[in-house]
Structure formats: structure tokens, C-alpha cells
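Colleague: Starting off with a structure, shown below.
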Amino acid sequence: MELKIKKASLQGLLKWGQGIVEKKSTMPILSNILLEASGTKLQASATDLEIAIIAEQEAEVKKEGKVVVNARNLYEIVREAPEDTILLTSKSGALELVSGKSKFKILGMNPEEFPNLPPLSSKGEIAIKSDDLEELIDKTFYAISSDEARRNLNGLYLVRLEEGDKSVLRIVGTDGHRLSYTQREFGGKWKGGKGIIVPRKGISEVKKLLADGDGDLGIAFDEKAILFKRGPVSLLIRLIEGDFPAYEQVIPKGVEKIVSVPKEALLGGLRRAAILVNDQGRGVGLSFSAGMMEIKAQHPDLGEAHEEISVAYQGPHFQVGFNPRYLLDVLAVLEDEKVVLELKDEVSPCVIRSEFDRGFLALVMPMRI
Amino acid sequence: MIRKLPEDLICKIAAGEVIERPASVVKELVENAIDAGAREIQIEIEDGGRQGICVVDDGCGMSPEGARLALERHATSKLPTDEDLFRICTLGFRGEALPSIAAVSWLTLESRGRIYPAPTGISEGIRIEIEGGKIVKQGPSALPVGTRISVRNLFFNTPARLKFMKGRETEFSHISHWVETIALAYPQIGFTLTHQGKRELFSPPRANITERVRDLLGVDLAGAMISFQGGRGGLELFGVCSRHDITSGTSRSLYLFVNGRAVRDRLLQHAVIAAYENLLMKGRYPWVVLYLQVPPDFVDVNVHPTKNEVRFAQSQGVHELVRETIRGILQERAHVGAPLAAPLQNTVVGRGDPVGRPSGDAEVLGDPPGRPYSDLSGGGVWPYAPTEYQESFKSFTSSIRVIGQVHQTYLVCENDDKLILIDQHAAHERIGFEKLKRQFEAEGIARQRLLIPENFDLTPSDAEILKKYLPDLEQFGLEVEFFGGHTFILRTVPVLLSDASCVALIQDLIQEIQAFEKLTPIEERVHEILERMACHAQVRAGDRLTPLEIEALLAEMEQTRFAYSCPHGRPALLQIPFGEIEKWFRRKI
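Same order as they appear, the protein sequences are chains H and P. Note that the numbering used here has the first sequence beginning at 1, numbered continuously upward. Note that the numbering used here has the second sequence beginning at 370, numbered continuously upward.
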């Protein structure tokens, strides 16, 4: 392999793999990046066996070939390179990097040992605007479980629904205590109604791709994996096997207590009350009476908090406790001026809807305090 | 082809259960001696017991007929009626020990017994020699009243066992640990243990446990022990336990006795360790000598031929009694190098049951005068009854004068006779931990309901156990519902543990319930989290404290339980007597 490439291009190419290469791994090759030169392109691949990321950039290729070197190391060397152009040459397993008067010889591993990325048998495709997808993820990501034991909750659930003659993509996240979903119209072909679960770490990479990447977004998937392709970057993520819980069953029906509350006032009140109950396994109490909502918190050492908010509510007086963090997480992703809380009793989840985003729904389970 | 096993093979198989290694021989012989009412027992060991074991006692002895009978399997004087099996009051009762040993060694038995009822009558002495279970020689013998048994060529006819015997030192260390243990159980009996002719352990008959502990565990350790006493509903508990900072690396430092019988019971061990929770470093064990007296029908010792294990009728009550008694005493008195309480008067520790004597298979067996049993029947006053408490921790901290802070980590203080160093972080951490724990206990457990209840399956036996404990789990914030079959549904979790996997926790709990009928893992998990919270909220090493802050810290320590160690078991407070410092400077030699 022998090629000449702009420093900025090479840096842009190498940054993609950094998030997924393993720092400590029982398989040393997973700390490495695979560089392949062919035609007029240089391609870089990195993987942790769950996620693979492949990016390519224009380069002046003089001799085709491939090499495997430590991803982190190479990235840092390129970042500090003194000149705007960089020459890369592979020499018996090592990579020689020349930029101006600076010259590095980086030891590599055998490219044949680099794990092969499985090909995707195209089953479904999703055509959606990248802004739409970004919003869907942002509004659901916070609810993903970090409990490794509940594998099927460790990711976001993507499912196709039919509303009239349109197809909508709904994304659902839950950790078993709270849940969040929202949906957007989409095109492309997706047969059947079974959804897929994309793991949390993969979603983090998708978020980066949506934020930093350029160009049109294409999504394809089969039973095993999902591929996100945007411009020169492809992201292949292994899906979580298993069934997502029947989340629609837990949405309470026949809810009578409907409270419309100004979002900023609720957000501020909860934040203030949470100061007293931070990290202590305590909750805040919400009590409702006609036209009025009260937030209460108390701590035996610190004291008490009490705040009233005028709300639109015309029902009987009642009271319920929540983990303030869960409510704050929901409010943080809503753009509305007013949010609607729908409550049934102190053991059923609170439903939070958005006026602005009609497809949005969040559930938060109360706690007993 | 099915055949009936020959008698000698049956004997060897039976011996395999009871006689595992030379230490088992010593155990069986010494227990027999104790059951015979000996006041002095001599144990001579050659080559770790591989060459020779000889046990001599001055107990009641046996008549020639009795001695011959004793060598037959399942012959014993210790179960006069069948019903007595359910009220075991002697150490032995299975009638297996002697014939089992005889089956796998060359054994010489010499004995001379008293004739019952006449206290003056003495039978003739007899000597019987046996090789591999067969009597090869017998005749009269001249010896004082008592029994002398010597065992040579152990396992000569069971090559597998012979092969698995360890080296001389290892085998002897098993023997000596066991003799130590039994000697702690019977302070009124004198013990002498020799190895290769050298005296390894010696303790004359003692009037109380203190002296025996001193003889066996040494003066230093005895000085660091605190006595405890407790009881409820027919259970009586007493003993000594070490301060939390005196520890051992193995659980061998736990000497546990139930009705005078040494046991390695998991329930008791667990209760003791639980009493030291957050006081010990991981993998360390306290030194504890514990005596538990229970009514004989309250405990089943016939669980295993070696009688190491016991079963209690109310294991939960036993666990609580042990844990709370020791925990209580540690709270009260463990802060200073508490010496053993005032010299102890009267009393012998041993069996508290009102058994009169080891009544006999033969009319020749008597009740030698001055036997310890009768002394015990009244259940004498436990000598450690706290007559006066040592200075309480409160008056201890208030007598301290602060000198200053060094290395921005340690507080230097003094009182009248000691230099005192306090680790500010460790002390403050304990204060924070105890405070969080109090709050947590006072407020009850906040529980988070699950939006998507978690289903889980258990094995049928685990499911049965869990079903019984559902209400208890609910108290801890785990609302679990039985769904049918072996499936359960988890509906709420304690908020403090809401990030953890509660199903895994429940599985751990079942294991614990099986073994100890306690739900300690939940408490432990909660405590771990509180510890972590305490650790982060408190002053650290490297924080400069002003004199006012130091005073405030000491005032808080005064209000805090276990202020002398941090919740991970590291010490928070060290004391150096001025006498020690004077020695450093050669002012005092």
C-alpha cells in the first residue's frame, strides 16, 4: 500500500472508529483499525464485534493494499502531524507515515486476522430524514435500561405501524420503570410488523453519525443487523435478539385525571424539590386539587420544600409520589409550553403527552414514599 | 450378583465415615474420656498420629466385661433407653467410635472401672489387644482407675486412606487445633498434648474460661477479648469475642460450642460474622469462643457421624440471639483495648443440661465423686456477667484532648494515659454511614413500581422457598407475586437498588434463606450503597481541619456507634499507651 492523503481527510476518516475500538480487550486486534487502499479511495474499518464502522475518503493511491494498526495511536499521530499532506506506505506489516520531516513507523498486525464483517441480507429499508431520526432518538434514548440482566431493554425498539395509508416509524425506549416513545412518517420497504431492537451503544454511534455526518441517510436491516449509511460512513450494528415487552399493554386506559401544567414551572419546581432528595432514594410528592398542583419534598437532615403551581385541572384531590429524575428526564425532551399529565391512581403509570408532538408518549411509574 | 458383605468389611466402611484422619481418632477417644468424667486427659502423639496415638484418662473406667462389649459395634453406655436418642446429653452416643478405630488399626485398650453403686469398689484391670478388629490378646492389667487407649499403625488395612494422609506437621496441626477446641469447651478438665515426646499444649484444670483462654490463645489475645452473655426462650449464650481489630485469616478462630459440643455450624458462623458486619475487612475473621446452651430436644446432633453439624429447631431465633448479643456488646465496649472483665469466680463451663451422669450399660459403671456434671446441673452463673462496664465510649471521647492534625489526614489527641490517633476520613465515614442507616431505618423503604413487571422462573425447590418468604420480601420493598408453576412476577423494587438487577438479588436471597433462614443480603446490599454514599460525602484524607472542626468531629464520634472503625472495617482510631512510648525511648525497659 502506498498513498498520499490530506491530513484533514485522514483525521476525518480515523475519528469514526475511535468510539468503538476496545481499549482493553482480550482480542488485541479489536484495538486496531484496518486501512484499505483501492481505486482512488482509502477505507478505514473498526469493530468491537457488535458494531462495525467503515468510512472512506479520497486519496491518491499509488499502490493498493491493506494494513492493520492501533487505532488510537494512529489517530493521535495524525492529529499532531506537522504538514497538510501525509504519505502512508505499508512495509512488511508495519505502516510508515511521513508528514514533512516527521516520520513514523507504526507496528501493525496481520490484516488477514481482522474480523470479517458479515454481509447484510437486505430485508427492509427505512427512508427517513436524518433530522427526524435524530429527534426520535433524542426523545427516547434517556429511557433505555442500563441493567445488563434485562438484555431486551438495553436498546431502542424500532417498529413500523400503519396509520391510515401511511407508514410510521415508532421508536420506544424503556428501563422497566419508565417508557418513552414517539413516531414519524417514513418511506422505504418494511414488510411485517415485528420490530427490531438496536443496542444502546450502537444508538450512541448513530447519534454521532447524525450530528457530525454529512449527506443522505440510508437505513437497511435484516434479522441480525442494521446498517446506517450516511455519505462515506457506514455503521453496522448487531441487533439484540429477543422480544421487546408488550409495552402497549401497560398504557393505562380510562384515565380520568387530566392535568395541563406549564412546563417551565413544573421543570423548575421539580428541580428545586430534587435538591432535597438527590441520590437518597427518596421521591417527591405531587398533590392535585382543583386548579392547583403542589410539589412536596422532605429530607430529615435538610428540611422541606413546598411549591404550588396553578394548573388546569378539575377533578378530585389526590396525591402520588415520583422519582423526580424520571419526570425531569421527560420534561427535558419536550418543546411544549404546556405538558399534559394523565393520572389514574397511585399505582398506575402517569402518562405524559405533548401537544406539539402528537405521536409522543411517556410513562413514569409512581413510587411509594 | 448380590452378596451380603462380610462383617469386617462393614466395619471398615463404617470406620471410613467416622475415622477420616488421625485427628478423628483423637477426637473420638477424647470425647469418650470426657463422657467418662475424666479430670485429666493426656494425649501423646507420634509422627503426627501416623505412628501412634495414646489417650490416657482418669475417668470412671470400664469393667472387663464392659470393655469387651465396648469393642462391639453399636454398643454404648450413653443411651440407656431408646428415647434418649432424642435428648442427647453426652458427646458420643452412636457406639461406633471404638470398634471403628479398632477396625483400621492396632489398638490396645487398658481399663479399670469403679463398681457401682458402692463408691469404694474397684473392678479388676483388663488389657485387650486388637489388630484390624480381631482380638489377638487379652489379660489382666495393673493401672489406676481410668482408661488408656493406644492406637498404632492407623489405616494399615485401608491403603486408600493411608495414601491420603498428609505430612506429620499437617496431621498434627489438625490434632492440636481439635484439642484446643475441646479444651476450651471443658475448662474444668486438664489437658496435656505431647508430640514426639515434646509438650505442645498444657492446661491444668481451670476454674473458669478466662484462664483457659489465656492458656490456649495466649495472654495478648485473651486481653483483647470482650465477654458477652445473652439468652431468651430457653437458649443461653455466653462467651468471649475479640475486638474488631484483632482478626484472623481463617474461620478456625471461631470456636463454637453447642451444649459443650464443638461444632462447625454454618448458621452459627454466619451469625457471628453478621454481628461484625462493617467492622471487619474482607476475608478476616474475629476470634470468638462461644457457648450456646439449648434444651437437648431443641437441637439435633445426629446429622452426621462426626457430629460436626447440628440442626436447631428454631434456627432463626438462634441466629438472632447470637448476632444481636455480640453486636450489642461490640457497640458498647469494643472501642478500647478492653481487658477481660474482672477476675471470674466459680464456675465451670460445659453442659448445662441436668443430666446426672453417664449412666451405664453395666452396673459396674459408677458416678465418680466430684464429677463435673453435677456441678453443672444448676447452670452456675456465667462468670462474665458484666459486673461493671468499662468506661463507655462516650466518656472516653470526652476525656480526649486534641493536639492537632498531622499530614492533613490524622488527628493527634491524648488522654491521661494514651496517645490517640484518629483517621479523619475513616471516622467521618462511619459517622455518615450510621446516620444514613438510621434515616433509612426510620423512614422505611421507598419502593419504585415497575412499569413492566419482571417475570422470572425458579427451580421447583427454590420456588417453594420463595413462596413462604413473599411477605418478608415485601417489607424490604420487593413486591413479588406468585404467578403459578415456578413463575413469579416482580412488581416493585426498593428505590435504592433500582439500578441493580433485583432478580439476581432474589436468587441470592433464596440461597441465603436456604442456609440461614435470613434475608441478610438485602440489608447488606443496602448497606453497601449507604457505605458508598457515606464515603463520598465525608471529609477525606488531605482536607485541612481547623481546631473547631476537629472538636465537632469528636463530638459527633461520641454520638456514633462503632465510631472506632470505618464501615469497611478499617480502624478509625488507634491508641498508644504512654507506657509503650516510654519503652521506645528506653525510659522504661
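All residues carry an ideal CB built from backbone N, CA and C; glycine is no exception.
Apart from the five residues on each side of it in sequence, which residues of its chain come closer than 7 Å, Cβ to Cβ, to Ala290 of chain H?
Modeller: Tyr313, Gln314
Colleague: Let me know if Gln249 of chain H comes out buried or exposed under the rule of 16 or more other beta-carbons within 10 Å of its beta-carbon.
Modeller: exposed
Colleague: Would you say Asn379 of chain H faces chain P, with C-beta separation under 8 Å as the test?
Modeller: Limits of chain H in this structure are 1 at one end and 369 at the other, which puts residue 379 of chain H out of reach.
Colleague: With a threshold of 8 Å between beta-carbons, can Val67 of chain H be considered close to chain P, or not?
Modeller: no
Colleague: Quick check on the burial criterion: 16 or more other C-beta atoms within 10 angstroms. Buried or exposed for Phe857 of chain P?
Modeller: Classification for Phe857 of chain P: buried.
Colleague: How big is the Cα-Cα spacing for Trp190 of chain H and Leu161 of chain H?
Modeller: 10 Å
Colleague: Quick one: grab the DSSP three-state call for His543 of chain P.
Modeller: helix
Colleague: Decide if the region 108-121 of chain H is in contact with the region 172-181 of chain H; the criterion is three or more beta carbon pairs, one per stretch, under 8 Å apart.
Modeller: Flag = no, the region 108-121 of chain H and the region 172-181 of chain H do not touch.
Colleague: Helix, strand or coil: how does DSSP classify Gly17 of chain H here?
Modeller: helix
Colleague: Could you give the first and the last residue of the continuous beta strand (DSSP E) run that contains Ser45 of chain H?
Modeller: 41-47
Colleague: Could you name the residues of chain P that Leu327 of chain H contacts, counting a contact when the two beta carbons are closer than 7 Å?
Modeller: Ordered by position in chain P, no residue passes the 7 Å Cβ test against Leu327 of chain H, which lies about 13 Å from the chain.
Colleague: Applying the 10 Å Cβ sphere with the 16-neighbour rule, what's the burial state of Glu83 of chain H?
Modeller: With fewer than 16 other Cβ atoms within 10 Å, it is exposed.
Colleague: Restricting to Cα atoms, I'd like to know which of H:Asn32, H:Leu107, H:Val261 is closest to Trp16 of chain H.
Modeller: Out of H:Asn32, H:Leu107, H:Val261, H:Asn32 has the C-alpha closest to the C-alpha of Trp16 of chain H.
Colleague: Using a Cβ-Cβ distance cut-off of 8 Å, determine whether Ala903 of chain P contacts chain H.
Modeller: no
Colleague: Along chain H, in chain order, which residues have C-beta atoms closer than 9 Å to that of Val872 of chain P?
Modeller: Ala149, Arg150
Colleague: On the criterion of 16 or more Cβ atoms from any shown chain inside 10 Å, does Ala273 of chain H qualify as buried, or is it exposed?
Modeller: buried
Colleague: What does the alpha-carbon distance come out to for the pair Leu661 of chain P and Gly269 of chain H?
Modeller: Those two C-alpha atoms are separated by around 58 Å.
Colleague: Leu14 of chain H: which of H:Arg358, H:Arg368, H:Thr26, H:Val233 sits nearest, CA to CA?
Modeller: Per the Cα distances, H:Val233.
Colleague: Suppose the cutoff is 8 Å on Cβ atoms and the five residues either side in sequence are ignored; what does the same chain contact list for Gln11 of chain H look like?
Modeller: For Gln11 of chain H, same chain residues with a beta-carbon under 8 Å away, outside a window of 5 residues either side, are Tyr75, Val78, Arg79 in chain order.
Colleague: Take Glu925 of chain P and list the residues in its own chain whose beta-carbon comes closer than 6 Å to its own, dropping the five residues that flank it on each side.
Modeller: Ile800
Colleague: Go ahead and pull the three-state DSSP assignment for Leu117 of chain H.
Modeller: coil
Colleague: What are the start and end residues of the alpha helix (DSSP H) that includes Val330 of chain H?
Modeller: 324-332
Colleague: Comparing the C-beta of Ile950 of chain P with each C-beta of chain H, is any distance below 8 Å?
Modeller: Chain H, which has no Cβ nearer than 8 Å to the Cβ of Ile950 of chain P, makes this no.
Colleague: Does the Cβ of Arg408 of chain P have 16 or more other Cβ atoms within 10 Å, making it buried, or fewer, making it exposed?
Modeller: buried
Colleague: Confirm, please, whether the CB-CB distance from Glu848 of chain P to Thr861 of chain P is below 8 Å.
Modeller: yes
Colleague: From Ile891 of chain P to Phe845 of chain P, what distance separates their C-alpha atoms?
Modeller: 7 Å
Colleague: Between the beta-carbon of Leu236 of chain H and the beta-carbon of Ala52 of chain H, is there less than 8 Å?
Modeller: yes
Colleague: Hey, how far is the Cα of Glu400 of chain P from the Cα of Arg372 of chain P?
Modeller: 36 Å
Colleague: For a contact defined as C-beta to C-beta under 9 Å, what are the partners of Arg653 of chain P on chain H?
Modeller: Contact annotation for Arg653 of chain P against chain H: no contact, minimum CB-CB distance about 30 Å [criterion: below 9 Å].
Colleague: Under 8 Å between C-beta atoms, does Ala466 of chain P make it to chain H?
Modeller: no
Colleague: What does the alpha-carbon distance come out to for the pair Leu440 of chain P and Asn526 of chain P?
Modeller: 18 Å
Colleague: Hey, out of H:Gly124, H:Leu153, H:Gln183, whose CA is closest to Phe244 of chain H's CA?
Modeller: H:Leu153
Colleague: Glu925 of chain P versus chain H: which residues are under 9 Å apart at the beta carbon?
Modeller: One finds nothing in chain H with a Cβ atom closer than 9 Å to the Cβ of Glu925 of chain P; even the nearest lies about 13 Å away.
Colleague: For the alpha helix (DSSP H) that contains Asn70 of chain H, what are its first and last residues?
Modeller: Looking at the DSSP string, Asn70 of chain H is not in any alpha helix (DSSP H); the run it does join, the beta strand (DSSP E), is 65-70.
Colleague: According to DSSP, what are the bridge partners of Thr861 of chain P?
Modeller: DSSP links Thr861 of chain P through a beta bridge to P:Arg818, P:Glu848.
Colleague: Please identify, using Cβ separations under 8 Å, the residues of the region 159-180 of chain H that lie next to chain P, in order along the chain.
Modeller: Thr174, Gly176, His177, Arg178, Leu179
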